[in-house]
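The opening residue of the sequence shown carries number 1 in UniProt numbering; numbering runs sequentially from there.
Backbone N, C-alpha and C fix where the C-beta goes; we use that ideal spot for every residue, glycine too.
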Amino acid sequence: MKKTIGILAHVDGGKTTFSEQLLYHAGAIRTPGRVDSRDTVMDANPIERERGITIFADQGYFEYNQNTYYLLDTPGHVDFSAETERAVMALDYAVLLLDGTGGVPAHTVTLFKLLERYRVPVFFFINKMDLEGADAVHAMEAVRSRLTEDAVLIGGPEELGMEGALAEFVAERDEEVLEAYLEGKLTGEMGLETLQNLIRQRRAFIAMAGSALRDSGIGEFWQVFDRLTVTDYRPRETFSGLVYKVRRDAGGRRITFIKVEQGTLRTRDEFQFMGNDGEPVREKVNQIFCCFGTRYGAMEQAEAGDLAAVTGLSVPVCGQRISLEGGASAAEQVDFQMVPALEARALAGKGTDNHRLLEILRILEDEDPQMAVDCRRMPGGEEQICVRIMGLIQLEVLKRLIQDRFGVEVEFAPPQVLYQETVAAPVAGYGHYEPLRHYAEVNLLLEPGPRGSGITFESRCHVDVLSVNYQNLVRTHVFERTHRGILTGSPLTDVRVVLTNGRSHLKHTEGGDFREATYRAIRQGLEKAQNLLLEPWYRFEISAPAEYLGRILSDIRKRFGQAQPPEQCGDVVIVRGRGPVASFMDYSVELASATRGSASISAVSAGYDICHNPEEVIRQTGYDKGADTEHTSASVFCSHGAGFTVNWDEAESYMHCLKG
1 MKKTIGILAH
11 VDGGKTTFSE
21 QLLYHAGAIR
31 TPGRVDSRDT
41 VMDANPIERE
51 RGITIFADQG
61 YFEYNQNTYY
71 LLDTPGHVDF
81 SAETERAVMA
91 LDYAVLLLDG
101 TGGVPAHTVT
111 LFKLLERYRV
121 PVFFFINKMD
131 LEGADAVHAM
141 EAVRSRLTED
151 AVLIGGPEEL
161 GMEGALAEFV
171 AERDEEVLEA
181 YLEGKLTGEM
191 GLETLQNLIR
201 QRRAFIAMAG
211 SALRDSGIGE
221 FWQVFDRLTV
231 TDYRPRETFS
241 GLVYKVRRDA
251 GGRRITFIKV
261 EQGTLRTRDE
271 FQFMGNDGEP
281 VREKVNQIFC
291 CFGTRYGAME
301 QAEAGDLAAV
311 TGLSVPVCGQ
321 RISLEGGASA
331 AEQVDFQMVP
341 ALEARALAGK
351 GTDNHRLLEI
361 LRILEDEDPQ
371 MAVDCRRMPG
381 GEEQICVRIM
391 GLIQLEVLKR
401 LIQDRFGVEV
411 EFAPPQVLYQ
421 ETVAAPVAGY
431 GHYEPLRHYA
441 EVNLLLEPGP
451 RGSGITFESR
461 CHVDVLSVNY
471 QNLVRTHVFE
481 RTHRGILTGS
491 PLTDVRVVLT
501 NGRSHLKHTE
511 GGDFREATYR
521 AIRQGLEKAQ
531 NLLLEPWYRF
541 EISAPAEYLG
551 RILSDIRKRF
561 GQAQPPEQCG
571 DVVIVRGRGP
581 VASFMDYSVE
591 LASATRGSAS
601 ISAVSAGYDI
611 CHNPEEVIRQ
621 TGYDKGADTE
631 HTSASVFCSH
641 GAGFTVNWDE
651 AESYMHCLKG
């Protein structure tokens, strides 16, 4: 059997130490490394070793009990959670580490929800049980209250014989086991097989406790994990796989990391992809490698369940699935959960220019798509290069990474919040594009969507009115670009775009005509809409001595946040809540200063919500919708053989569909 497992935890949760111990107990390494000694297998990058945190999702592999295991050690710091998400996509099982001395912090909740989104079964390991105040029972109470009620704490592999509490736990979740249990006929084999299935279905979560640093409980956990995890990959099917990581080797060669989901991938296998220009691109797999830390071993083929690193592919990006039958498209959008809330302008340092800097950032964007590098020309003609980031630590690492890998100095301006826009009520939008020998008209309805839903599309237009081919073109054009709002020029989101009517011309309609009409219809609808400005929000958790509670609650109110009733834990209070990123992103510094370092805050993304100060943001942005010619709301009509432009507020009286 082949199994890919990932180790996840909040920052400083002990992931890398735990991974080293697992590799040691599985016989993959002779001696487990230590983070403080800077000799771990998994954190091999110099930046990781200097900072003592995991930044990149490195991997290892080993054989144990006739099974092949692939191990991914993921970043725990929230600034690198995008890297964690890409690794999660490739997992069969996850181990989520908890701190035995505390509860379940906000980022751990986020990680658990991320694993839920990708339907990854989870095992819990309650770590740091060697520290004073560690309490596994208390930690399990936090798990059941904040993560899942379907978790059970066991002591070791001896409990898998299905007697006592574990047997009752399984019986409560399966009718056949319950019947056998009540009749005294439950066998260990039946209970074990049922538990395996419950774990795969995320209906059961096994927890154990120990200390990775002291090598306590790791061996027992590994025995339990090995017995309770199963996979059923099909190597004889046609190949398909998931791209979960992209890197460059020392020579700049692109290495594409693929989780083989079914079939077999071989050297010289050829794929046909769709390039950025819409034209087909044929690419061939040149080499296949298996990776362990920074070491690469050549392979002739990779079978279902394997993690393979290949050369020769340049089109597929992180998060895409590829197959020998369907290839992949460079224009395909991957819906990631971990989305940056900040943007920073990159400034070329001494000895380089914007052209070279953009080249470098495009390479890094290929490895981290959430960076979303944007090169824009400002009204005065100045060229600006911006990158999206999760936080300030990521920005520091990015600066160092560019220096180390490319020998280029770069500075970043202070990050700015990324705003979005949406509509508060349904509104119709109309677009017409008819210069000489062109023709397309599109009628849309823009409806508010659920928060976090992004842009969705539906057609309510009959095929007798507009052919399926043209309706599909409208759908493509809705998704192919980032549509800008009219308040600040920020991306449009949480809108359901409904095609209600349209018109083509048998002789004059060209391929790009519906693109122009669709863009203009969306923009014309926004001109009439009740527009809302959205801003990113944090979900936070503050831990502080009780004497500072009043100050903290006052700070939250001043920063336009919302707090839940505080929890008292001895001399410490826990305050959970949510607040705008704009007013909370620097609060950790103020909190530490005000409490002399005795309080801490953990903040994770809580998505977007209504902006707390829209008028101020709109004024500061100074966006001129009329000057944004790339996002025009005007339509183009034709009269007497010549095209003419009609502004959005008069265009409806010219629309052909509205005239019948």
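The stretch 301–311 makes contact with the stretch 253–263: 3 or more CB pairs, one atom from each, lie closer than 8 angstroms. The Cβ atoms of Arg86 and Cys318 sit closer than 8 angstroms to each other. In this structure Asp73 does not touch Thr17 by the C-beta definition: roughly 10 angstroms separates them, more than the 8 angstroms allowed. Ala57 sits close to Thr84, with the two beta carbons spaced by under 8 angstroms. With contact defined as three or more Cβ pairs closer than 8 angstroms, the stretch 414–433 and the stretch 349–369 are not in contact. For Cys569, there is no enclosing alpha helix (DSSP H); the residue is found in the beta strand (DSSP E) stretching over Glu567 to Cys569.
For His640, DSSP assigns no beta-bridge partner whatsoever. Along the stretch 395–483, the beta strand (DSSP E) occurs as fully enclosed runs of 3 or more residues at 410–412, 420–423, 427–433, 440–448 and 455–459, listed in sequence order. Runs of the beta strand (DSSP E) lying entirely within the stretch 247–325 and spanning at least 3 residues, in chain order: 254–262, 264–266, 270–274, 280–284, 287–292, 295–299, 301–303, 307–311 and 321–323.
Separation of Glu303 and Val339 (C-alpha to C-alpha, rounded to the nearest whole angstrom) is 32 angstroms. Less than 8 angstroms divides the Cβ of Val498 from the Cβ of Leu445. Around Arg400, the same chain offers Ile47 as residues with beta carbons nearer than 7 angstroms, after the five sequence neighbours per side are excluded. Between Ile218 and the set Tyr233, Val95, Gln196 and Met162, the nearest pair of CA atoms involves Val95. The three-state secondary structure of Asp494, taken from DSSP, is coil. For Glu175, the enclosing alpha helix (DSSP H) covers residues Glu175 to Leu182. Between Tyr64 and Leu466, the alpha-carbon positions lie close to 60 angstroms from each other. Cα atoms of Glu132 and Thr101: separation of roughly 7 angstroms, rounded to the nearest angstrom. Beta-bridge partners of Ala346 (DSSP): Ile385 and Phe412.
Taking all protein chains in view, the Cβ of Phe125 is crowded by 16 or more other Cβ atoms within 10 Å, so the residue is classified as buried. Between Leu532 and Glu421, the C-beta spacing is below 8 angstroms. The alpha-carbon separation between Thr229 and Gly161 amounts to approximately 16 angstroms.
DSSP, read as helix, strand or coil, puts Pro545 in strand.
Within the stretch 145–218, the complete alpha helix (DSSP H) runs of at least 4 residues fall at 165–171, 175–182 and 188–200. Contact check between the stretch 569–581 and the stretch 539–559: three or more CB pairs, one atom from each, fall below 8 angstroms, which counts as touching.
Non-local C-beta neighbours of Glu411 in its own chain, meaning closer than 7 angstroms and more than five positions away in sequence, comprise Leu347 and Gly349, ordered along the chain. If you look at Phe125, you'll find it in the beta strand (DSSP E) that goes Val122 to Asn127. Here Asn469 is actually not in contact with Cys657; their C-beta atoms are around 18 angstroms apart, not less than 8 angstroms. Nearest neighbour of Pro414 by Cα position, chosen from Cys638, Ala582 and Lys659, turns out to be Ala582. Three or more Cβ pairs drawn from the stretch 478–496 and the stretch 618–625 lie within less than 8 angstroms of each other, which places the two stretches in contact. Apart from sequence neighbours up to five positions away, the residues of its chain that approach Pro580 with a beta-carbon distance below 7 angstroms are Glu535, Trp537, Phe560 and His612, ordered along the chain. In this structure, the beta-carbon distance from Phe205 to Val137 does not fall below 8 angstroms. Bridge pairing for Tyr93: Ile5 [DSSP]. The alpha-carbon of Pro448 is positioned some 19 angstroms away from that of Arg520. Within the model, the alpha-carbon separation for Phe637 versus Gly241 is close to 48 angstroms. In the three-state reduction of the DSSP assignment, Ile610 falls in the strand class, which pools E and B.
Annotation: the continuous alpha helix (DSSP H) that includes Pro46 extends over Pro46 to Arg51.
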